[in-house]
Amino acid sequence: MGKRQVVIVGVADAPLEKGVIPGGANDLEIQARAAKAALDEAGLKLSDVDGLSTAGLWGIPGPGQFATISLSEHLGIRPKFSDSTNLGGSAFEAHVGHAAMAIESGAIDVALITYGSTQKSQRSRNLGGRPPSFSLQFDTPYGLPNPVGAYAMAATRHMHEYGTTSEHLAEIAVATRQWAMKNPGATMRDPLTVEDVLSSKTITDPLHLLDCCLVTDGGGAVVLTTEERARDLKARPIYVRGHGESQTHMSIAAMPDLAFHTAAAESGVRAFEMAGIGPEAIDVAEIYDSFTITVLLTLEALGFCGRGEGGAFVSNGRTGPGGAFPMNTNGGGLSYAHPGMYGIFLLIEAVRQLRGEAGERQVADVKTALAHGTGGVLSSGATCILSNH
């Protein structure tokens, strides 16, 4: 008997009204709604789910410390496989890899991955005022704002080493906004120029307000099963061809190289090797954009361009609609939504592009897509390569 082929058969995200979940749902209820929508899309029921994955900062301290237990109670299911791995924003790409291995081995048949956050409604995003502990004792007491200060340090170093400019970073935000303008569900849909980005308030030099992701509510779900099971289901299956993950540091002071996203490089190599393809085979890329510098560093690390070439690579609208390298096609964390941990939305958009369901923002002839999540302060990376064939 050959290895079971893993496919994604359902995705869903929570609808947003001006970046806030309508109806005042809590974090668990957002996940329940998204889970039901994704399972309905696939033609499955909650009772079919035997593997459950989630991550988040909700209910900590408290029930969120037992994330899958709290969620399974809320959903009324008893999974035999659970995964609450938290690598920050890359957790959900890692969850896909872990679930894929569990399905391939025969340990489970249907995996449900969810995320939910009401950080905007609850005004719970602020990380200030918390006592420094462990490695953060070397950052926080000296005034480094978390996490933007760490990303600003990386941006400054990349600029020093390679001549990258604030204009290069602004190009990323502008192209992402152009995609958001084609997405009715995006939080920010007003036109944006490079000059707008550069004239927006400096948050931590050299990063401006519009170099930084949004703060919104949000939630989503992804359902995986076997290719064989998918034959009897409703949705077009999307194949998990490759996955990889890596983590390098907690504190930015311990990052191996401030000008290079080592965790992304390592996770990308593993995913591409498993898929048996290279960066040139990717038709659309969904890349974590907590900040514009995150994107630029990730593009270099994944091999889409050489080290130090990211600024030139993203210039002249290359990553926007009609560009040669379509990226973050739903508007990304910079303009669509960013509810604290964005990684699940990268997977959702990649699946929709592969199915041809993205409406006005649909990229033509998409066969292979990459979703890459980054967590912490460039601390972790997880990469998934998906295909519709």
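Each residue of the sequence shown is one higher than the one before, counting from 27 in this note's numbering.
Every residue gets a Cβ at the ideal spot worked out from N, C-alpha and C, and that includes glycine.
- Between the region 396-413 and the region 107-118, the count of C-beta pairs closer than 8 Å reaches three or more; the two stretches touch.
- Excluding the 5 residues flanking it on each side, G334 has same chain C-beta neighbours closer than 7 Å at E187 and Y188, in chain order.
- Of G169, E221, V249 and P105, the smallest CA-CA separation from T230 is found for G169.
- For A395, the pairing in a beta bridge is given by DSSP as V310 and L412.
- Using a Cβ-Cβ distance cut-off of 8 Å, the region 359-368 and the region 231-248 are in contact, since at least three pairs of beta carbons, one from each stretch, lie closer than that value.
- Straight through space, the alpha carbons of L236 and A61 are spaced by roughly 32 Å.
- With fewer than 16 other Cβ atoms from the protein chains shown falling within 10 Å of its own Cβ, P167 counts as exposed.
- In the three-state DSSP reduction, T213 falls in the coil class, being neither helix nor strand.
- With a cutoff of 8 Å on beta-carbon distance, K260 and E383 are scored as not near each other.
- Of the residues L325, I313, A196 and A125, the one whose Cα lies closest to the Cα of V220 is A196.
- Contiguous alpha helix (DSSP H) elements confined to the region 254-333 occur at 288-301 and 318-327, taking only those with 4 or more residues.
- When only Cα atoms are considered, R30 and H234 end up about 47 Å apart.
- In this structure N342 is exposed. Its beta-carbon is surrounded by fewer than 16 other beta-carbon atoms within 10 angstroms.
- The beta carbon of N52 sits closer than 7 Å to those of T144, all from its chain and outside the five residues before and after it, given in chain order.
- In this structure I374 is buried. Its beta-carbon is surrounded by 16 or more other beta-carbon atoms within 10 angstroms.
- Partner residues in a beta bridge of F164, as assigned by DSSP, do not exist.
- K106 and T140 have their C-alpha atoms some 16 Å from each other.
- Per the C-alpha coordinates, the member of T80, L322, G102 and L325 positioned closest to V122 is T80.
- Between the alpha carbons of R104 and A40 lies a distance of about 24 Å.
- Taking C-beta atoms under 8 Å as the contact rule, G45 and T318 fail to qualify, at a distance of about 19 Å.
- Cβ contact annotation for A38 (same chain, cutoff 7 Å, sequence separation greater than five): A60, A63, A64, E67, G246 and A247, in chain order.
- Each residue's CA atom was taken as its position, placing F371 and F164 some 33 Å apart.
- Your pair L138 and I264 does not check out as a contact, with CB atoms roughly 16 Å apart and the cut at 8 Å.
- Put simply, the region 344-356 does not touch the region 94-104. Fewer than three CB pairs are less than 8 Å apart.
- Within its own chain, the residues whose Cβ lies closer than 6 Å to the Cβ of N356, once the five positions on either side in sequence are excluded, are N209, Y362 and E375, listed in chain order.
- Judged by beta-carbon spacing, C331 lies beyond the 8 Å limit of L323, meaning their Cβ atoms are not closer than that value.
- With a 10 Å radius around the Cβ and a threshold of 16 neighbouring Cβ atoms, A390 comes out exposed.
- Rounded to the nearest whole angstrom, the CA to CA distance from R255 to I34 is 11 Å.
- In terms of CA proximity to A290, A120 leads the group I56, T191, A120 and T190.
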